[in-house]
Ligand code: MRU
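Numbering (this note's numbering), first residue to last: 11 to 378.
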């Protein structure tokens, strides 16, 4: 992804000082583009909890780098493994819904366990964190290539008219290492000269759509319009949406999808209006141990201040203001589950499959 013409990933090792990891601080966007440096496992725990880094894939990649810096911090003589394990436990407890977090941490711990010395373990942790980031980047690029075909088909049927795609939350470059999941086909279609226009759900309470997706699309010059969260159904009823494309934080082996709160309502409206509803995800977002998404996927509940307040820029300064009566109780569920029956297809790095156990099994036979 290019920002002001310069290529960036969302996370990378500091070139000069490989003990530090650089991230794009997402709490400051879209008003300020700030690169932050993380150098302790606690830095990573805080950055994930406070959403300086967010989005299932980036959370996983960040946790992998978090284990690397934990290995650097750990005592060299006795207690190395216990220190790294404690850091892993803390990182795992930061956010419960995205399965990529545990996936990346378990991969790191498994690889490190093969090291014979502390130096070897540190070196494995560094190269494996980089490998996880690179693998996720490559997977998102492939998702873009497969998803492009879906957009191309709709565009061919529409002629000169733009393909209107609705997306929820930020399943973009910022939620991943590069390209995005739901946005990868969007960027691929735009780069192929296909006429597209994106409806961007604002995505209350944290406003990932209004703050991040709109910013990303703008950087890439993709035509888009930000809408209040409740607008999608109306647009669908009036033929103003051709396709819905979202990401996933956890998908069961039967195709149920947890994604940002509000995704389910968009899927219901899409089905009622016969509009294709696609979910884009890499293999790291599947939870092969779960079958029933509604019953089994842990749904994060975040602090009430995200609902009670709204953040924006006021006279050049980023501020939060109170939105609700001071004493009204609030609830803040971060995710919901869209049952597989509402999903037209899953766009993965291996291709597009049906959102059901048979379709997923054909795509990933090694997990069945
Ligand atoms: O709470 P967030 O901002 O981390 O939630 C992100 C999402 O819900 C994305 O849609 C999801 O991670 C899929 S894209 C990797």
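Every residue gets a Cβ at the ideal spot worked out from N, C-alpha and C, and that includes glycine.
Model, not experiment: these values are computed from the prediction.
(request) Can you tell me which of 61, 38 and 79 puts its alpha carbon nearest to the alpha carbon of residue 52? (result) 79
(message) In whole angstroms, give me the CA-to-CA distance for residue 77 and residue 116.
(response) 10 Å
(request) Compute every distance between the C-beta of residue 270 and the non-hydrogen atoms of ligand 1, then say whether any falls below 6 Å. (result) yes
(message) I'd like to know whether the C-beta atoms of residue 348 and residue 295 end up nearer to each other than 7 Å.
(response) no
(message) Below 8 Å on the Cβ atoms is my contact criterion, and I expect residue 268 with residue 345 to pass it. Report the Cβ-Cβ distance as a whole number of Å.
(response) 5 Å
(request) Report the option in 36, 42, 38 and 71 whose CA atom is closest to the CA atom of residue 23. (result) 71
(message) For a quick check, are the C-beta atoms of residue 161 and residue 199 less than 7 Å apart?
(response) yes
(request) Tell me whether residue 259 counts as near ligand 1, meaning its Cβ is closer than 6 Å to at least one heavy atom of that ligand. (result) yes
(message) Tell me whether the region 145-155 and the region 195-212 touch, counting them as touching only if at least three CB pairs, one residue from each stretch, are closer than 8 Å.
(response) yes
(message) Going by the DSSP bridge assignment, what does residue 17 pair with across the sheet?
(response) 12
(request) Buried or exposed for residue 167, please, with buried defined as at least 16 other CB atoms from any protein chain shown within 10 angstroms of its CB. (result) exposed
(request) Give a yes or no on whether the C-beta atoms belonging to residue 184 and residue 208 are separated by under 7 Å. (result) no
(message) Could you pull the DSSP bridge partners for residue 270 from this structure?
(response) 345
(request) Determine which residues share a DSSP beta bridge with residue 323 and list them. (result) 328
(request) Could you tell me whether the region 331-346 touches the region 314-322, where touching means 3 or more Cβ pairs closer than 8 Å? (result) yes
(message) Looking at ligand 1, does it come within less than 6 Å of residue 67, judged from the CB to the closest heavy atom?
(response) yes
(request) Please report how far the alpha carbon of residue 306 lies from the alpha carbon of residue 266, in whole angstroms. (result) 10 Å
(message) ligand 1 and residue 64: does the residue's C-beta get closer than 6 Å to at least one heavy atom of that ligand?
(response) yes
(message) Quick check on DSSP: helix, strand or coil for residue 363?
(response) strand
(request) Would you check whether ligand 1 has a heavy atom nearer than 6 Å to the C-beta of residue 324? (result) no
(message) Per DSSP, what are the beta-bridge partners of residue 46 in this structure?
(response) 33
(request) Note the first and the last residue of the continuous beta strand (DSSP E) segment covering residue 355. (result) 355-358
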